[in-house]
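Following: one structure in structure tokens, then a few remarks.
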Amino acid sequence: MEKQTLKPKARESSLELFRIITMLVIVAHHYVVNSGISSQMITAANATDLNSLFCLLFGWGGKTGINCFLLITGYFMCRSNITLKKFLKLFLSISFYNVVIYFVFFIGGYSDFSAKELLLRIIPLNGIGESFFSTFLVFYLFIPFLNILIKGMNERQHLSLIGICLLFFSVVQTLLKVANGVRYIGWFMVLYFIASYFRIYPKPIFSKTSVWGIATVISLLLSWGSVVVGAYTFKNTGTPMQYFYVSDSNKILALVTAVSAFLFFKNLKMKYIPVINVVASSAFGVLMIHANSNNMRKWLWSDTLKNTQMFSSDKLIVHAVVSVLGVYVVCTVIDLLRIYLLEKPFFKLYDKWDVENKIKRIFISSKTETNQ
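Residue 6 in this note's numbering sits at position 6 of the sequence shown, with consecutive numbering throughout.
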């Protein structure tokens, strides 16, 4: 009798749709903050003009989007094992885009060749704490140990840990002007603890779609309201306060909005929709491409799309929406081509040659020899 292999259960599309929306919010954020609009074009004198307010609201959600992305990661990974294959997929995808984009801009005359710079792009660890990609790569290595910690805690300890982290790393640093006590790797861990709590200790309140839908709308309105109030403060006092309450991932509004939206989409229970899941599989690729480097930011937002030149145009809104959608679509197509032409064939050979188990056997035999 032929042995039957069970296919892995297809993942529901609700959180995959959320992943797509999250990345669109991040791209919109970069349209404003990476193009020079927020730093060069929006001044105290014009902070409350229509185009300024549109740009400020259009670009409000970058850090909130990062929170959403990490909540999705934590929710799924707290019940999953981190394998060498998973880490390699992440590492190789980051290195691939780093190297390819580096050579594209070198050939295009945007930068001079540097062996040191190339090495730093092959091994992307030089921007820990500043670059999202380097930081996320290092954070990924902590996940197996975070899972051990989570499994070793009871519910009360888990909740207490979240409470302490949120008090000192979010509430205090939002309400009081104190130095940031947690950088990105630490904050990613806090989000991981929150998402894993939702997964491991499901409560009736966590499953109320209407509650979290309302909470999402309210937190969004508060976030946007804080931006508008900040714009008027900037106009009247000259103090740049537009993004104060959403300017970093650990700010209260950035956190509450992300958590509310995450729980809302988690509870939608959408059936498996292939096109959504396929597009969502390249969401991280969209980030790796369009936010890859300063050269990419300059070429994309300044030289190609000319965002700052459109700032005073009555077509700004159309330009912003079309640009963000266009960037998302093009980057998705590029990343899907990478996945199907390079990643899948590579890891098919990886599995065929049983690389993971061979490496494990090498480490096990080395450990045995050391103990003898």
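No residue lacks a Cβ here, since even glycine has one placed at the ideal position from N, Cα and C.
For residue i, is the classification buried or exposed, using 16 other Cβ atoms within 10 angstroms of its Cβ as the cut-off for buried?
| i | result |
| --- | --- |
| K373 | Shown here, the chain extends from 1 to 372; a query on residue 373 therefore has no answer. |
| P124 | buried |
| K63 | buried |
| I392 | As shown, the chain starts at 1 and ends at 372. That puts residue 392 outside it, with no answer to give. |
| W60 | buried |
| W187 | buried |
| K360 | exposed |
| T5 | Low per-residue confidence applies at T5: pLDDT is 44, beneath 50, and the placement is therefore not dependable enough to give any value. |
| E2 | With a pLDDT of only 40 at E2, under the threshold of 50, the placement of this residue in the model should not be trusted; the figure read from the coordinates follows. Exposed is the call here. |
| A10 | exposed |
| R79 | exposed |
| L71 | buried |
| N292 | buried |
| I289 | buried |
| S210 | exposed |
| Q309 | exposed |
| I148 | exposed |
| G230 | buried |
| D335 | buried |
| V322 | exposed |
| F346 | exposed |
| L349 | exposed |
| I94 | buried |
| Y201 | exposed |
| T332 | buried |
| T83 | exposed |
| A283 | buried |
| A280 | buried |
Looking at residue j and residue i, is the spacing between their C-beta atoms short of 8 Å?
| i | j | result |
| --- | --- | --- |
| I339 | S13 | no |
| G213 | F169 | no |
| M296 | I20 | no |
| Y75 | F198 | yes |
| V286 | V27 | yes |
| L88 | L137 | no |
| G65 | V25 | yes |
| A215 | S260 | yes |
| F113 | F105 | no |
| F193 | L141 | no |
| S312 | N81 | no |
| I122 | V99 | yes |
| F244 | F18 | no |
| N67 | S249 | yes |
| I164 | M77 | no |
| S35 | W301 | yes |
What span of residues does the alpha helix (DSSP H) with residue i cover, start to end?
| i | result |
| --- | --- |
| V157 | Correcting the residue identity first, residue 157 is Gln in this sequence and not Val. Segment 155-166, the alpha helix (DSSP H) holding Q157. |
| S134 | 132-152 |
| V100 | 84-107 |
| D335 | 316-338 |
| V227 | 209-237 |
| N81 | That residue, N81, is in no alpha helix (DSSP H); it is neither H nor E in DSSP. |
| E343 | Per DSSP, E343 belongs to no alpha helix (DSSP H) and is neither H nor E. |
| R19 | 14-33 |
| W299 | W299 -> no alpha helix (DSSP H), and no H or E assigned at all. |
| W187 | 184-200 |
| V259 | 252-266 |
| A283 | 283-290 |
| M310 | 307-310 |
| L175 | 172-175 |
| A115 | 115-122 |
| I276 | 274-280 |
Would you say residue i reaches chain C, if we count a Cβ-Cβ gap shorter than 8 Å as a contact?
| i | result |
| --- | --- |
| W187 | Although the question refers to chain C, the structure presented lacks it and comprises just one protein chain. |
Could you round the C-beta distance between residue i and residue j to whole angstroms and report it? I think they count as a contact, below 8 Å.
| i | j | result |
| --- | --- | --- |
| A47 | K235 | 4 Å |
| N307 | E16 | The Cβ separation is near 29 Å, so there is no contact. |
| V246 | S223 | 5 Å |
| L389 | N126 | The shown model of the chain, from 1 to 372, leaves out residue 389, and the question about it has no answer. |
| T257 | S219 | 4 Å |
| K85 | E356 | 6 Å |
| Y31 | V324 | 6 Å |
| L316 | F54 | 7 Å |
| T135 | I185 | 6 Å |
| I42 | L56 | 7 Å |
- Message: Restricting to runs no shorter than 3 residues, where is the beta strand (DSSP E) found entirely within the region 33-81?
- Response: none
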